[in-house]
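In our numbering, the protein residues as written are 3 to 536. Single-structure report; data block below.
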Amino acid sequence: MRRRGNSRLAIESLPDAYTALDSVGLYAVHVSASPARDALLFDTAKNSRAKKVTLVLNRDTTEVAAFLRERGFTSRGAAAWPRKINVLACPPSGQEMSMEQSAAFPTLGRLIGGLQAIRRYGLKAGSLYLVEGADSWLSWHNSAALAQEADYLAHWCKARRCVMVLFLSYHRQSDSPLDRSIDGQDPFSRDSSGGVSLHGFHGAFTGVAYLSQSLGEMVWMAKFWRVQDAMVTAQSQALRFTPEGRLAIALSTREVGASMLLTRDEHRVLATRAAVEAEEWVPPEWEIVSDHDAMTAACQQARGATVLLDYSLADDLDGLCRTVHELRSHCGRAIKIVVRERGLSMRHQNELLVLSLGANVVASRNLSLAQLQCLIESTQGQLSTRPIIDDYRTALAAVQSESARGYLNMAAFCDYVERLIERRHVLHLPHAMLRLQLCSDVSHLEVLQACALLRSGDICSADADFLYLFLFGCPVSDADIVLEKIFDSKLNCYFENTEYYGVFKDRIAQMKAQNSRHPAPDYTDVLAAPGVPS
């Protein structure tokens, strides 16, 4: 149980063993600039039991003033906040300091300067200091200097009977929101930064924790945390936002009426105009943008919103893929991307393509708006965990068939299929190959003329006994349906049996070998082939 006057970091339902602050001590939280850091800073200050709270913000004065107004501050103070609270603005420098520039400063020089600035506003035993941006006070180029500065800070807090929490962002997160964690490594197994050991630095603290993004999910990781005579080590807990914007532990089971958010903007829905065109009613809270380019611009700060894109023009597949890939790459794994078919259906390989580029789901054109809303609701709280292809153009090329369609002689048929086998590793795109045995009273030419292949990439060939069909981007499970359409439901008139292949590399090799020994008839001159691959 906490003694009266002690404070804790503001994370709801997280035990005091992970978050409580001793009345005297020095703590560090490694966290990058984010809504989560803002919530932790301000809510910790607001709920503090300390005699006096000093909040040092690494922002310019106008930004600090705006934050305070948002939280109810006026010239007369703010209700529900500590009566004795100082809010200090410590504007960041215009550019990040290099290691060489940092090394030019004497050890303790910047740290003592920062502490003297705080002292101008008075010191009192039992005070709580929450300091954002203390990175600029420290000598990150030198492990010995860092340890000395941390030791100085710890003694400073002890001598003045106060507690200080440093919110540090020197541990850079990955540039990609898709795989953000502390430099992509487990902080429990790491105690260095850029080759500089942090072991001595951390050793002076009462507690050290990380608030990081792990594949889009907020995670609180206590490296070690001391409270009075107790200490926890190497403990982690997934976090969410409450609807009011406070940090809380993620519930393992959803309680009735409970609503936990991955990000502050998870209730936000943005849709392209074409995605909701012709709907008589659209939820008034939905934000409508003109097109895919406008959507990309509108989502620059989005992290967990739902984005509704349209697939309404087959010729704009490139634009749709680019938008999906840019949104997922820029916004991270918590954003929800729904692609809605409008007026035309997406081929299987194109659906697989947009899912591989970052879309959560493709909504059928037959879904009503009410059903679409249910689908959107089902994506809430989800994190995209699929591997994302680096270059969308490479993926797009993999699903685009060559110009061939219709009949090819056996040699050209085998060469074409082999080229596609080499390309399929990009998306693991499913293709189907069928071997159909002709009825004894049916000629090859009759069957080939009846074979109506209308989709680009679908080809056929024949040898002495069989007709071969290759269906581009068609899973074997759909081959029966496609086959009925190709032969206008007259399969029994032409074929005795059908063999299906989803994996056919060895079969193609056998066909090539057979054709080299006994060349199959070539009907190219008889059949008007729409296209032959180069």
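The C-beta atom is built at its ideal place from N, Cα and C for all residues, glycine as well.
Inter-residue spacing [alpha-carbon to alpha-carbon] between residue i and residue j
{"i": "Ala-232", "j": "Leu-170", "result": "24 angstroms"}
{"i": "Ala-147", "j": "Leu-110", "result": "8 angstroms"}
{"i": "Ser-491", "j": "Arg-344", "result": "29 angstroms"}
{"i": "Pro-245", "j": "Ala-406", "result": "55 angstroms"}
{"i": "Val-291", "j": "Glu-219", "result": "28 angstroms"}
{"i": "Cys-476", "j": "Glu-328", "result": "27 angstroms"}
{"i": "Asp-482", "j": "Gln-382", "result": "36 angstroms"}
{"i": "Ala-81", "j": "Val-271", "result": "33 angstroms"}
{"i": "Leu-253", "j": "Pro-17", "result": "14 angstroms"}
{"i": "Phe-190", "j": "Gly-27", "result": "Per-residue confidence for Phe-190 stands at a pLDDT of 48, beneath the threshold of 50, marking its modelled position as unreliable; the derived number appears in the next sentence. For Phe-190 and Gly-27, the distance between alpha carbons rounds to 21 angstroms."}
{"i": "Asn-60", "j": "Trp-142", "result": "18 angstroms"}
{"i": "Leu-11", "j": "Gln-351", "result": "49 angstroms"}
{"i": "Ala-304", "j": "Arg-437", "result": "50 angstroms"}
{"i": "Glu-279", "j": "Tyr-313", "result": "12 angstroms"}
{"i": "His-433", "j": "Leu-319", "result": "20 angstroms"}
{"i": "Tyr-212", "j": "Asn-368", "result": "46 angstroms"}
{"i": "Phe-468", "j": "Tyr-525", "result": "14 angstroms"}
{"i": "His-294", "j": "Gly-135", "result": "37 angstroms"}
{"i": "Asp-45", "j": "Gly-116", "result": "24 angstroms"}
{"i": "Val-55", "j": "Ile-120", "result": "12 angstroms"}
{"i": "Leu-132", "j": "Val-89", "result": "10 angstroms"}
{"i": "Ala-152", "j": "Ile-423", "result": "59 angstroms"}
{"i": "Leu-130", "j": "Trp-158", "result": "13 angstroms"}
{"i": "Asp-317", "j": "Met-435", "result": "27 angstroms"}
{"i": "Asp-465", "j": "Gln-439", "result": "10 angstroms"}
Beta-carbon gap between residue i and residue j smaller than 8 angstroms
{"i": "Leu-57", "j": "Leu-42", "result": "no"}
{"i": "Ser-199", "j": "Ser-238", "result": "no"}
{"i": "Leu-359", "j": "Ala-397", "result": "yes"}
{"i": "Leu-355", "j": "Cys-333", "result": "no"}
{"i": "Leu-450", "j": "Leu-529", "result": "yes"}
{"i": "Lys-53", "j": "Lys-86", "result": "yes"}
{"i": "Leu-311", "j": "Thr-325", "result": "yes"}
{"i": "Tyr-496", "j": "Phe-506", "result": "no"}
{"i": "Cys-416", "j": "Ile-510", "result": "yes"}
{"i": "Val-221", "j": "Leu-241", "result": "yes"}
{"i": "Val-210", "j": "Ala-30", "result": "yes"}
{"i": "Arg-163", "j": "Ala-206", "result": "no"}
{"i": "Gln-403", "j": "Ser-458", "result": "For the sequence presented, residue 403 should be read as Ser rather than Gln. In contact: Ser-403 and Ser-458 (Cβ atoms closer than 8 angstroms)."}
{"i": "Arg-425", "j": "Leu-385", "result": "no"}
{"i": "Tyr-418", "j": "Ile-461", "result": "yes"}
{"i": "Trp-288", "j": "Ala-273", "result": "yes"}
Burial state of residue i (16 or more Cβ within 10 Å)
{"i": "Gln-215", "result": "buried"}
{"i": "Asn-494", "result": "exposed"}
{"i": "Arg-330", "result": "buried"}
{"i": "Leu-456", "result": "exposed"}
{"i": "Gly-533", "result": "Bear in mind that a pLDDT of 46 at Gly-533, under 50, signals an unreliable position, so the number given afterwards is only what the model happens to contain. Its Cβ having fewer than 16 others within 10 Å, Gly-533 is exposed."}
{"i": "Arg-342", "result": "buried"}
{"i": "Leu-315", "result": "exposed"}
{"i": "Arg-71", "result": "exposed"}
{"i": "Glu-65", "result": "exposed"}
{"i": "Gln-175", "result": "Low per-residue confidence applies at Gln-175: pLDDT is 46, beneath 50, and the placement is therefore not dependable, though the value from the model is reported in the following sentence. Answer is buried; the Cβ neighbour count reaches 16."}
{"i": "Asn-8", "result": "buried"}
{"i": "Ser-518", "result": "exposed"}
{"i": "Gly-504", "result": "exposed"}
Enclosing beta strand (DSSP E) for residue i [first to last residue]
{"i": "Asn-499", "result": "497-503"}
{"i": "Val-165", "result": "165-170"}
{"i": "Gln-373", "result": "Unbroken run through Gln-373 is the alpha helix (DSSP H), 371-381; no beta strand (DSSP E)."}
{"i": "Thr-235", "result": "232-243"}
{"i": "Ala-127", "result": "It is not in any beta strand (DSSP E) - Ala-127 carries neither H nor E in the DSSP assignment."}
{"i": "Ala-515", "result": "Segment 507-519 is the alpha helix (DSSP H) holding Ala-515; no beta strand (DSSP E) there."}
{"i": "His-269", "result": "From DSSP, His-269 is part of no beta strand (DSSP E); its letter is neither H nor E."}
{"i": "Ser-347", "result": "Premise fails: Ser-347 is in no beta strand (DSSP E) and is neither H nor E."}
{"i": "Gln-215", "result": "209-216"}
{"i": "Trp-222", "result": "219-229"}
{"i": "Leu-90", "result": "87-91"}
{"i": "Tyr-29", "result": "27-32"}
{"i": "Leu-249", "result": "249-251"}
Range of the contiguous alpha helix (DSSP H) that encloses residue i
{"i": "Gly-115", "result": "111-121"}
{"i": "His-204", "result": "201-205"}
{"i": "Glu-151", "result": "145-161"}
{"i": "Tyr-20", "result": "18-21"}
{"i": "Gly-351", "result": "Gly is not the amino acid found at residue 351; the sequence shown has Gln there. It spans 350-358 - the alpha helix (DSSP H) in which Gln-351 sits, taken as one unbroken run."}
{"i": "Ala-400", "result": "394-401"}
Closer than 7 angstroms: residue i CB and nearest the ligand ADP heavy atom
{"i": "Leu-371", "result": "Absent from the structure shown: the ligand ADP. Ligands present: none."}
In the segment 41-83, which residue ranges form an unbroken alpha helix (DSSP H) of at least 4 residues, counting only runs that do not cross its ends? 63-72
Jot down the residue ranges of each uninterrupted beta strand (DSSP E) in the segment 274-319, minimum 3 residues, whole runs only, in chain order. 289-291 and 308-313
Give the list of continuous beta strand (DSSP E) stretches no shorter than 3 residues that lie fully inside the segment 422-494. 434-440, 461-464 and 468-473
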